[in-house]
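Novice: Reminder that position 10 of the sequence shown reads as 36 in my numbering, one-by-one numbering, no gaps.
Cβ coordinates follow ideal geometry from the N, Cα and C atoms, glycine included.
Just passing along the structure, written as structure tokens.
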Amino acid sequence: MSTYYKNFDNKTAIITGAASGLGAGIASVLAKQGANISLIDIDSDKLKKTTDVISNFGTKISLFTCDVTNQNDVKNTINLIEKKMGDTDILVNAAGVIGSANFEKPNSSELKDWDSTYSVNVRGTFIVSEEVAKKMKKRNYGKIINISSHGGKFPNPDNPAYSASKAAVINLTQSLALRWAPYNINVNVLCPGSIWTPMWEKNAKKTLSNDETKSHITPRELFLEYIKENCPLQREQTTEDVGNAVVFFASDNSLNITGQSLNINGGTIMD
Numbered sequence: 027m028s029t030y031y032k033n034f035d036n037k038t039a040i041i042t043g044a045a046s047g048l049g050a051g052i053a054s055v056l057a058k059q060g061a062n063i064s065l066i067d068i069d070s071d072k073l074k075k076t077t078d079v080i081s082n083f084g085t086k087i088s089l090f091t092c093d094v095t096n097q098n099d100v101k102n103t104i105n106l107i108e109k110k111m112g113d114t115d116i117l118v119n120a121a122g123v124i125g126s127a128n129f130e131k132p133n134s135s136e137l138k139d140w141d142s143t144y145s146v147n148v149r150g151t152f153i154v155s156e157e158v159a160k161k162m163k164k165r166n167y168g169k170i171i172n173i174s175s176h177g178g179k180f181p182n183p184d185n186p187a188y189s190a191s192k193a194a195v196i197n198l199t200q201s202l203a204l205r206w207a208p209y210n211i212n213v214n215v216l217c218p219g220s221i222w223t224p225m226w227e228k229n230a231k232k233t234l235s236n237d238e239t240k241s242h243i244t245p246r247e248l249f250l251e252y253i254k255e256n257c258p259l260q261r262e263q264t265t266e267d268v269g270n271a272v273v274f275f276a277s278d279n280s281l282n283i284t285g286q287s288l289n290i291n292g293g294t295i296m297d
């Protein structure tokens, strides 16, 4: 990886949802760039695995078990991070859930799905951002990067709770960018496309179980078929792709960029 962003050597980042998937991938990219990392997740066991992966990059790593939907838990965790890791320069809100019982019930719009999805994806993003911004405002500096999805830019009848929550994250990002601009805090949002994760694999298995015409292919093959049919660049996106975009938004090369959403989807959505 390029060493263009050498100014990360003295930076400290907080990453939520860091136990797996996007959060873990982003943590790895930032650690490679020299940033000290505070990992947050509700799953302490998986969080330790992420720590093992990125501990070889020579930066300071700390992990914190925290429920991002619980304001008191978040407040206590952010205060603990400040005591242990010092000032926070970068916040990445990667904690998120898919909603609708993780694709187990397509077309479901049960109230509990809406509550659980919004609680993590929107409420959690706001709570963590608010607590970290309190610290950043005192220093008149900060970089906040939220993780939405290109799914927040088009309607999804199969999972409206997820789609609506990700649209809300984009709007929330813009609102917070305006609110905290006077304090030199940049707030931007990334909208990843199709990334092969355990969640996507689970969705593919569910789809195949309901379609006898595709019983001859594997979940991975279904995913690649989807990429070929829907992605103009015809290649899948990766957690490193998202991590590289985080690096840009977290660096001083993006000083005059705030309130913006960036698609990382190979051209699938261009809005």
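1. When burial is assigned at 16 or more other CB atoms within 10 Å of the CB, is Phe275 buried or exposed?
2. Out of Glu157, Val123, Arg261, which has the shortest C-alpha to C-alpha gap to Arg106?
3. Between the C-alpha atoms of Gly293 and Ala120, what's the straight-line distance to the nearest angstrom?
4. Under a three-way DSSP split, which group does Gln263 fall into?
5. Using the C-alpha atoms, what's the distance from Pro245 back to Leu204?
6. When we look at the beta-carbon of Arg313 and count the other beta-carbons within 10 Å, is it buried (16 or more) or exposed?
7. With DSSP run on the structure shown, which of helix, strand or coil describes Gly168?
8. Output the distance between the C-alpha atoms of Asn197 and Leu137, rounded to the nearest integer angstrom.
9. Could you check how far apart the C-beta atoms of Val195 and Asn147 are, in whole angstroms? I think they sit under 8 Å.
10. Under 9 Å, Cβ to Cβ, is there at least one residue of chain C near Ser64?
11. Which residues share a DSSP beta bridge with Leu89?
12. In angstroms with no decimal places, state the Cα-to-Cα distance between Ser28 and Ser235.
13. Are there 16 or more other CB atoms within 10 angstroms of the CB of His176, so buried, or fewer, so exposed?
14. Could you tell me the alpha carbon to alpha carbon distance between Lys163 and Trp206, rounded to whole angstroms?
15. Please specify which runs of the beta strand (DSSP E), each continuous and at least 3 residues long, are wholly inside the segment 130-214, giving them in chain order.
16. Is the beta carbon of Val94 less than 9 Å from the beta carbon of Thr42?
17. Per the contact definition of three or more C-beta pairs closer than 8 Å, is the segment 208-221 in contact with the segment 169-185?
18. Please state whether the Cβ-Cβ distance between Leu259 and Ala271 is less than 9 Å.
19. Can you say whether Lys192 is buried or exposed, counting buried as having 16 or more other CB atoms within 10 angstroms of its CB?
20. What residues in its chain sit with their C-beta under 7 Å from that of Leu248, if we drop five residues either side in the sequence?
21. With 16 other CB atoms within 10 Å as the buried threshold, where does Asn24 fall?
Specialist: Judging by the given coordinates:
1. Taking the first residue of the sequence shown as position 1, residue 275 is located at position 249. Burial call: buried.
2. As a first step, residue 106 is located in the sequence shown; it is residue number 80 there, counting from the start. In the sequence as presented, Arg is not what sits at residue 106; that position holds Leu. The candidate whose alpha carbon is nearest that of Leu106 is Glu157.
3. Here the question's residue 293 lines up with position 267 in the sequence shown. Here the question's residue 120 lines up with position 94 in the sequence shown. Each residue's Cα considered, the two are about 22 Å apart.
4. As a first step, residue 263 must be located in the sequence shown, where it is residue number 237. Residue state, collapsed to three classes: strand.
5. Taking the sequence shown and counting its residues from 1, one reaches residue 204 at position 178. Taking the sequence shown and counting its residues from 1, one reaches residue 245 at position 219. Cα to Cα, Leu204 sits roughly 42 Å from Pro245.
6. Past the edges of the chain, shown from 27 to 297, lies residue 313, and the structure says nothing about it.
7. Here the question's residue 168 lines up with position 142 in the sequence shown. Looking at Gly168 - three-state DSSP - the assignment turns out to be strand.
8. Taking the first residue of the sequence shown as position 1, residue 197 is located at position 171. Taking the first residue of the sequence shown as position 1, residue 137 is located at position 111. So the two alpha carbons sit approximately 22 Å from each other.
9. Along the sequence shown, one-based indexing puts residue 195 at 169. Along the sequence shown, one-based indexing puts residue 147 at 121. About 6 Å; that satisfies the 8 Å criterion.
10. Within the model displayed, chain C is absent; a lone protein chain is all it includes.
11. Position 63 of the sequence shown, counting from 1, holds the residue named residue 89. Per DSSP, Leu65.
12. Stepping through the sequence shown from its first residue, residue 28 is reached at position 2. Stepping through the sequence shown from its first residue, residue 235 is reached at position 209. Low confidence applies to Ser28: its pLDDT is 46, below 50, so where it sits in the model is not reliable, and the reading given next is rough at best. Computed Cα separation, rounded: 43 Å.
13. Here residue 176 refers to the residue found at position 150 of the sequence shown. His176 is buried by the Cβ-count criterion.
14. Stepping through the sequence shown from its first residue, residue 163 is reached at position 137. Stepping through the sequence shown from its first residue, residue 206 is reached at position 180. Distance between the alpha carbons of Lys163 and Trp206: 8 Å.
15. 168-173
16. Counted from its first residue, the sequence shown places residue 94 at position 68. Counted from its first residue, the sequence shown places residue 42 at position 16. Closer than 9 Å, so yes.
17. yes
18. Counted from its first residue, the sequence shown places residue 259 at position 233. Counted from its first residue, the sequence shown places residue 271 at position 245. Against a cut-off of 9 Å, the Cβ pair of Ala271 and Leu259 comes out as no contact.
19. If you number the sequence shown from 1, residue 192 lands on position 166. Looking at its Cβ environment, which holds 16 or more other Cβ atoms inside 10 Å, Lys192 is buried.
20. Residue numbering aside, residue 248 sits at position 222 when the sequence shown is read from its first letter. The residues are Ala230, Thr233, Leu234, Lys240.
21. Any property of residue 24 remains undetermined from this structure, which presents the chain solely from 27 to 297.
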